[in-house]
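Engineer:
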Amino acid sequence: MWAGCTWMQPAHVWGANMHELGIVFHMIDTLEEIGRENELTAISRVTLDLGEVSGVLPDYLQDCWRWAADRTELLRSATLDVQAIEAVTVCNSCGRTYGTIEYGKTCPHCGSPDTVLLRGLEIEIREIEAM
Ligand SMILES: [Zn+2]
Numbered sequence: 047m048w049a050g051c052t053w054m055q056p057a058h059v060w061g062a063n064m065h066e067l068g069i070v071f072h073m074i075d076t077l078e079e080i081g082r083e084n085e086l087t088a089i090s091r092v093t094l095d096l097g098e099v100s101g102v103l104p105d106y107l108q109d110c111w112r113w114a115a116d117r118t119e120l121l122r123s124a125t126l127d128v129q130a131i132e133a134v135t136v137c138n139s140c141g142r143t144y145g146t147i148e149y150g151k152t153c154p155h156c157g158s159p160d161t162v163l164l165r166g167l168e169i170e171i172r173e174i175e176a177m
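Numbering (my numbering), first residue to last: 47 to 177.
#1: Measuring alpha carbon to alpha carbon, tell me which of L163, P154, L107 ends up nearest L67.
#2: Please specify which runs of the alpha helix (DSSP H), each continuous and at least 4 residues long, are wholly inside the stretch 52-111, giving them in chain order.
#3: Residues in its own chain within less than 6 Å of L86 by CB, not counting five upstream and five downstream?
#4: Mind checking whether I174 and I69 have CB atoms under 8 Å apart?
#5: Would you mind stating whether L96 and I131 have Cβ atoms separated by less than 8 Å?
#6: Using only the alpha-carbon positions, how far apart do C156 and C140 sit?
#7: In or out: M73 buried (at least 16 other Cβ within 10 Å) or exposed?
#8: Just how far apart, CA to CA, sit L126 and E98?
#9: Going by beta carbon distance, what residues of the same chain come within less than 8 Å of C137, once the five residues before and after it are set aside?
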């Protein structure tokens, strides 16, 4: 399965999409479970929340999705709609929030390193459109 998918990919993504492929397989498992529970025969669209710092590359995710989804009954030709979720960090010293991508782990308001990521790691199915 894995080797097959890698083989199917264009040369430029060779070896770069193992992470994304694992996520796609996990998503398909989840969707097939939802499909069984709700007696769905086909899903036409899946909306996924994808955090900016989740480490997932949307392009690779789409490639893997297309390859894997078309090999299932339930998800054949289903569209994957990826919604980017901005990464936000909160500072424990001053209580303010800021963009994680821009400033990293140091608070730009007070300079404190005592900060916690609020969101930006999500890889979550938000919506499913069944036929
Ligand atoms: Zn601060």
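C-beta atoms are modelled at their ideal positions from N, C-alpha and C, and glycine is treated no differently.
Here the structure is a predicted model, which means the values were calculated and not measured.
Structural biologist: Working from what's here:
#1: Walking along the sequence shown from the start, residue 67 turns up at place 21. Comparing Cα positions, the closest option is L107.
#2: 64-83
#3: Within the sequence shown, the letter at position 40 stands for residue 86. Excluding sequence neighbours, L86 sits near A176.
#4: Translated into the one-based positions of the sequence shown, residue 174 becomes position 128. Translated into the one-based positions of the sequence shown, residue 69 becomes position 23. Not closer than 8 Å, so no.
#5: Taking the first residue of the sequence shown as 1, we reach residue 96 at position 50. Taking the first residue of the sequence shown as 1, we reach residue 131 at position 85. The answer is yes: Cβ separation under 8 Å.
#6: Counted from its first residue, the sequence shown places residue 156 at position 110. Counted from its first residue, the sequence shown places residue 140 at position 94. Straight-line Cα distance between these residues: approximately 7 Å.
#7: In the sequence shown, the residue the question calls residue 73 occupies position 27. By the neighbour-count rule (16 or more Cβ atoms within 10 Å), M73 is buried.
#8: Translated into the one-based positions of the sequence shown, residue 126 becomes position 80. Translated into the one-based positions of the sequence shown, residue 98 becomes position 52. Approximately 17 Å between the Cα atoms of the pair.
#9: Within the sequence shown, numbered from 1, the residue matching residue 137 stands at position 91. Correct list, in chain order: T143, Y144, C153, H155, C156, S158, D160, T161.
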